[in-house]
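In order, the protein sequence lines correspond to chains A and B.
355 is the number of the first residue of the first sequence in this note's numbering; add one for each residue after it.
832 is the number of the first residue of the second sequence in this note's numbering; add one for each residue after it.
The next block holds one structure in the form of structure tokens; read it before the comments.
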Amino acid sequence: MKNRINLTTIQLTFFIIQTQIGVGILGLPSNVFSTSKQDSWMSILFSGIVIQVIILMMWGIGRRFPSMSLFHYSTQLIGKVAGTSINIIYIIYGVMVASLVLMYSSAIIKMWVLPLTPKWIVIALLTLTAVYIGKETVLEISSFFVVVSGLIVLLIIISFIVMFTYPVDWRFLFPIGHSGIGNILRGAKEAYFSMLGFELILILYPYFQHIGEKKVLFSVSIANLFVTLLYTFLMVVTMVTFSPDELLTIPQPVLYFVKSLYLQIVERIDLFFISLWIINVITTLTSYLFLATEGCLITFSKYKNKGRTIYILLLSAIASGVALIPNKESEIDLMNKAVSQMSNVTLLIIPLFLFGISILFRESGRM
Amino acid sequence: MVRKCTVWVIVVVIVFFLAGCWDQRLLKEGRLVYASAFDLQQDEKIKTTAIVQDMKNGIPTNVLIQGEGNTIRETRMDMDNKLSGDFDPSKNRIFLLGEELAQKDIYQFLDIFYRDPSSSISANIVVTEGNGEDILEKMTQKNTLIAEFLIELLSSAENSTLVPKQDVQSIWTNMLDPGKDFALPLISLKDDEVVLAGTGLFHKHALVGSLTLEESTLFLIMSNQKKKVARFVSKISEEKEMRIQNYISYNFSKVNSKLKVLSASPENIEVEIKAKVDITILEFPEDKLSNEEKIQKLNSLISKDLTAKAEKLVKKLQASNSDLFGIGRELIAYHPKTWEQIEWEEEYPNITITPEIEVDIVGHGIIN
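As structure tokens, then:
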């Protein structure tokens, strides 16, 4: 309890940033580009706006129950049974996202860096690191996230180097607005799924309630703004370095442009880049395992009074076990579709539903 | 104390798991390839010639190996069988494409470099007159450091604005861009010497023609790609007594070239390339360069000569259908409606491109 006092705005901001930036960052430009072409950067900005609206909604529920997380007020709002099932949906969602992150990241690591290393080793190393951090309290996790955020600066610097040393062609960004609103919106949907992670506000709110409700909104919005701008920046860099048809053939364009850098004696900077990126993957993984663990602790604490470590170990074992199943990219994409569908439920439908109920019945946790 | 011991035990045990034993590639087991040439044989089989460097008594020597196959990878497998150790092309700094192969479709042959994460896509790439293997073979006989020689030949040419700076990655961008073509340095064998002959013009994926070094410099000037120096010689008169007196040599010191689409209607596309260049005189036996009138006269003479040369260059580019200036890209970006209506492939040779070069003499060395 006394730890809460030390939590600051900055920590909340970086918690969200680190959760949002993850596996998606490498493939995002290519995915978005395949639908919205040269207007992809607009898609990303647009999805940033959409996310901001969702954040506002989630914050709206959070401020009604400032001392409670989603797992608490779900049961208070709609009753024990329904509330518990909502909690279980979120726990499953957390585990599924964690395992999807593991699937994508281990596939990319195997493809780019360690072609001969067995997949389970990569997955085990990632999971164990995430468990090690995730079993701690919010204060420790968020402090870690703040520290490793310095690495994001390095990623940005590398991208800037690319932009200035590489023969870029700004004309690849033109004609502006030519791909049509429909395609831009569809691209925004692609971008949106790479920017998930802001939903952590649902469970982080009570830990940060002492900084004030306005500041909570402010710091989450700053995180969203940062991630949106970073993604837009990377999108623009990839678009000016690769010609349109080329970009469609490269699934991880951000890594690819780093790979084509040649700084006198240093080659294959993509390996360095991946090492930095792995940290971002681990932080995302940690956040979702944390989400699921919190859910378990709150939902089942009355039945089994087990510690955080046991829960996170169990959940991560499930996540990494599931992550080992798929062998092909198409199977991972199947999982991706399932998680996307599920995120619609967890990010839009359930929060909206709870928000509606809390307004209708003027229910609030502020006694 | 016990706690400390356990920590140490754990650390020691973990260290063994961090070494990445599966994916180590030891330098002592690999045979690094420094340069390789790809040629097409009569039956369309690929022949790869690779230069592997060895140390003999501390002196690096070149070993030339060749492999044949239907794909680049197959030629590598073939070469690997002829080598002790693993054939390792990941540090290859230069690729030579034989003329015949380049005329077909280079994209087909380069695919492996874009696909393999360990390949060096920042390596230089050149086309050769005739077969690439001949050049490497000739050079092995002379026993120089082949790859280093070629790379230095290229980088000095790049710095003097003789050939465009390209690598395996950058040409991929152009190959897949319908609105822009590219050019690669062209090297050839002349009297048993390896020389830079000019640049090879590409259209889409295939070699379609070539430029001389002079034309190539002019192209680079007109597309704002001047590097450290760009020297040029113009003929400014006909009737002087000695041949040398008819010429003037100079260096481009500042280049500002603009490509402008004057008319973009699908029936009539007009493009203007206007370059304003500052030059410094390097060689002019007539002297008297302090005279303002004289300088004005020289300005207009050189401008005329350069513009005439530029017109010839543009004709040549259009004749070989190589859109080096990226006019198509300009249309895609700023006149997308026109672009959708035309068949650039057929349109490009017929559009009107008017080059104009305006010269201003700003320096003349340490004498007037």
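Cβ atoms here follow ideal geometry from the backbone N, Cα and C, with glycine treated the same way.
Computed from a prediction, not measured in an experiment: that's the story for all the values here.
| Query | Result |
| --- | --- |
| Runs of beta strand (DSSP E) lying entirely within the region 388-465 of chain A, each at least 3 residues, in chain order | none |
| The region 992-1016 of chain B: positions lying closer than 9 Å to chain A by Cβ | 996, 997, 998, 999, 1000, 1001, 1003, 1004, 1005, 1006, 1007, 1008, 1009, 1010 and 1011 |
| Positions along the region 1151-1184 of chain B whose CB lies within less than 8 Å of some CB in chain A | 1157, 1160, 1161, 1163, 1164, 1165 and 1167 |
| Status (buried if at least 16 other CB within 10 Å, exposed otherwise) for residue 613 of chain A | buried |
| C-beta atoms of residue 866 of chain B and residue 923 of chain B nearer than 8 Å | yes |
| Own chain, CB closer than 6 Å to residue 778 of chain B, minus 5 neighbours either side, in chain order | This structure cannot speak to residue 778 of chain B, because chain B is shown only from 832 to 1199. |
| Runs of alpha helix (DSSP H) lying entirely within the region 463-492 of chain A, each at least 4 residues, in chain order | 473-488 |
| Cut-off 8 Å between Cβ atoms - residues of its own chain near residue 915 of chain B, not counting five sequence neighbours on either side | 862 |
| Within-8 Å CB hit, residue 616 of chain A to chain B | yes |
| DSSP state of residue 615 of chain A mapped onto helix, strand, coil | coil |
| Residue burial classification, residue 1035 of chain B (beta-carbon count within 10 angstroms, cutoff 16) | buried |
| Buried/exposed call for residue 840 of chain B, threshold 16 Cβ in 10 Å | exposed |
| For residue 1024 of chain B: DSSP bridge partner residues | B:1021 |
| Cross-chain neighbours of residue 952 of chain B in chain A, by beta carbon under 7 Å | 613 and 614 |
| Stretch pair the region 697-706 of chain A + the region 480-497 of chain A: three plus CB contacts closer than 8 Å | no |
| Within-8 Å CB hit, residue 373 of chain A to chain B | no |
| Candidates A:410, A:479, A:444 and A:609: closest to residue 846 of chain B by CA position | A:479 |
| Classification of residue 448 of chain A by the beta-carbon crowding that lies within 10 angstroms, buried from 16 upward | buried |
| Interfacial residues, the region 476-497 of chain A to chain B, with Cβ spacing under 7 Å | none |
| Outcome for residue 422 of chain A when other beta-carbon atoms lying within 10 angstroms are tallied against a minimum of 16 | buried |
| Where residue 1184 of chain B sits in the DSSP three-state scheme | strand |
| Short-range partners of chain B found in the region 587-601 of chain A, where Cβ spacing is below 7 Å | 596, 597, 599 and 600 |
| Option nearest residue 460 of chain A by Cα separation, candidates A:692, A:675 and A:698 | A:675 |
| Supposed contact pair residue 898 of chain B and residue 892 of chain B - C-beta distance, whole angstroms, cut 8 Å | The Cβ separation is near 20 Å, so there is no contact. |
| Interface residues of chain B facing residue 709 of chain A [CB-CB closer than 7 Å] | Those within 7 Å of residue 709 of chain A in chain B number zero; the least Cβ separation is about 44 Å. |
| Rounded straight-line distance, which links the Cα of residue 715 of chain A to that of residue 513 of chain A | 50 Å |
| Residues sharing a beta bridge with residue 1042 of chain B, DSSP | B:1030 |
| Inter-stretch contact at 8 Å, needing at least 3 Cβ pairs: the region 1115-1125 of chain B / the region 1175-1185 of chain B | no |
| Proximity test, Cβ basis, 8 Å: residue 678 of chain A and chain B | no |
| Reduced DSSP secondary structure (H/G/I, E/B, other) of residue 891 of chain B | strand |
| Residues near residue 358 of chain A by beta carbon distance below 7 Å, same chain, minus five either side | Note that residue 358 of chain A scores a pLDDT of 47, beneath 50, so its modelled location is shaky and nothing firm can be said. |
| Buried or exposed (CB count within 10 angstroms, at least 16 for buried), residue 995 of chain B | buried |
| Nearest residue (CA-CA) to residue 568 of chain A, options A:414, A:402, A:534 and A:526 | A:414 |
| Beta-bridge pairing of residue 1087 of chain B - partner residues as DSSP gives them | B:1107 |
| Cutoff 8 Å: residue 572 of chain A Cβ touching any chain B Cβ | no |
| Residue 1159 of chain B in three-state terms, based on DSSP | helix |
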